[in-house]
């Protein structure tokens, strides 16, 4: 009887073996195991595990913000959903109608008086006080990216028009400290969309003192490590106010609808960052797609099968439908996967286990 009451000897598993086991677990299990012991939490938050987990090949998914006004904390919905053969991971967030920026699996958005940086994978978020001149949000542009040398995440804020100030406020998310840079004198107006690619943040801008060809719009880059701005050479015919700039397969890409004749063509070009050489990537015929003149097609990701996923943010006075499309290069077919006014597609979903 006494033998039956004896506790079994505990099993000791060396940390290296534990890490190998954890690498093969789904995200939900990893988050649960973080609460088991300090040792397990230390393993799961170590640089070694975070880097190795990132290198594990996973099926490609898309991150979308699902707008809700419940006031709850931003979090991933428990289950992903499939639209066609694309898996969508939904971020439940009442800020989904605000501009949201993403980089390397993290999401950044502006709230009244605050900047929030969120890791959807872990549910962690950080809030930083915004400087007084940026608290309105309507007259500013933002950028969010990662220093490719130090790995630090950076938030950048600038006034749209230089007449209200030419300072550029830069926040280091790790230290929580703000610093100021001077934006280039030739930038007279900035567009609000931005994207981070390989350690630089890009914006569309119009400016003075430049050779204006066609639209007069250009690309501005900020190297986050060097803290230096420079103008990026880009195809003149593709860089206009209506151009979308995106990170497509870790390359800067621009997309714009052109009308060379009766057809409406979505042209997409991508850039080799080292030499700033552009190449034509896609030319998609939009014939048969019902769309207003406000329609904007944004490249989102390339699927595991090599097909292009696109997001269409169609806005009019009477309609605010947002649609997800997929383009099949082999057959030149463009197919609508879903349409929902409450969903805002952000980016490819990248699991990021690094603690904030």
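In full-length UniProt numbering, the protein residues as written are 1 to 356. Cβ coordinates follow ideal geometry from the N, Cα and C atoms, glycine included. Remember, predicted model here, so these are calculated numbers, not experimental data.
Coarse secondary structure for residue 16, derived from DSSP in three states
In the structure shown, residue 16 sits in a helix (DSSP, three-state: H, G or I).
For residue 200, name the three-state secondary structure that DSSP assigns.
Residue 200: strand per DSSP, three-state reduction.
Can you look up residue 305 in the DSSP assignment and give me helix, strand or coil?
Coil.
Residue 346 vs residue 327 beta-carbon contact at 8 angstroms
Contact: no.
Specify, as a first and last residue, the run of the alpha helix (DSSP H) that residue 42 falls within.
Boundaries of the alpha helix (DSSP H) harbouring residue 42: 38-44, taken from the DSSP string.
Please list, in chain order, all residues of the same chain as residue 221 whose beta carbon is under 6 angstroms from its beta carbon, the five residues on each side excluded.
Cβ neighbours of residue 221 within its own chain (closer than 6 angstroms, five residues either side excluded): 200, 202, 230 and 232.
Taking Cβ to Cβ, would you say residue 90 is nearer than 8 angstroms to residue 106?
One thing to note: residue 90 has its Cβ no nearer than 8 angstroms to the Cβ of residue 106.
Just verifying my parser: in three-state terms, what is the DSSP assignment at residue 173?
Three-state result, residue 173: coil.
In the DSSP output, which residue or residues are listed as bridge partners for residue 23?
Here residue 23 is not bridged, per DSSP, to any residue.
In angstroms with no decimal places, state the Cα-to-Cα distance between residue 247 and residue 253.
Between residue 247 and residue 253, the C-alpha separation is close to 6 angstroms.
Cα-Cα separation between residue 45 and residue 185, rounded to whole angstroms
Distance between the alpha carbons of residue 45 and residue 185 is about 43 angstroms.
Use the C-beta contact count for residue 192: other C-beta atoms within 10 angstroms, 16 or more gives buried, fewer gives exposed.
Answer is exposed; the Cβ neighbour count stays below 16.
Tell me whether residue 129 is buried or exposed, calling it buried when 16 or more other Cβ atoms sit within 10 Å of its Cβ.
Answer is exposed; the Cβ neighbour count stays below 16.
Jot down the residue ranges of each uninterrupted beta strand (DSSP E) in the segment 141-169, minimum 3 residues, whole runs only, in chain order.
Restricting attention to beta strand (DSSP E) runs no shorter than 3 residues, the segment 141-169 encloses them at 153-159, ordered along the chain.
C-alpha distance - residue 30 paired with residue 236, whole-angstrom precision:
Between residue 30 and residue 236, the alpha-carbon positions lie close to 48 angstroms from each other.
Note down the Cα distance separating residue 65 from residue 249, rounded to an integer number of angstroms.
Each residue's alpha carbon lies about 21 angstroms from the other.
Name the residue from 272, 257 and 271 whose alpha carbon lies nearest to the alpha carbon of residue 265.
The candidate whose alpha carbon is nearest that of residue 265 is 257.
Give the straight-line distance between the Cα atoms of residue 344 and residue 301, rounded to the nearest whole angstrom.
Here the alpha carbons of residue 301 and residue 344 stand approximately 15 angstroms from one another.
Pull up the DSSP beta-bridge partners for residue 186, would you.
Answer by DSSP bridge pairing: none, since residue 186 is not bridged.
Note down the Cα distance separating residue 146 from residue 331, rounded to an integer number of angstroms.
Here the C-alpha atom of residue 146 lies approximately 37 angstroms from the C-alpha atom of residue 331.
Just the C-alpha distance for residue 161 and residue 190, rounded to the nearest angstrom, thanks.
Spanning the two alpha carbons is a distance of roughly 7 angstroms.
May I have the straight-line CA-CA distance separating residue 243 from residue 322, to the nearest angstrom?
Between residue 243 and residue 322, the C-alpha separation is close to 18 angstroms.
Would you grab the beta carbon distance between residue 251 and residue 217 for me? Rounded to a whole angstrom, and I think it's under 8 angstroms.
That pair is no contact at about 20 angstroms.
Cβ neighbour criterion (16 or more within 10 Å) applied to residue 270:
By the neighbour-count rule (16 or more Cβ atoms within 10 Å), residue 270 is buried.
Look up residue 124 in the DSSP assignment and say whether it is helix, strand or coil.
Residue 124 falls in the coil class under three-state DSSP.
Best match in 78, 109, 338 and 148 for proximity to residue 122 [C-alpha to C-alpha]:
The shortest C-alpha separation from residue 122 is found at 78.
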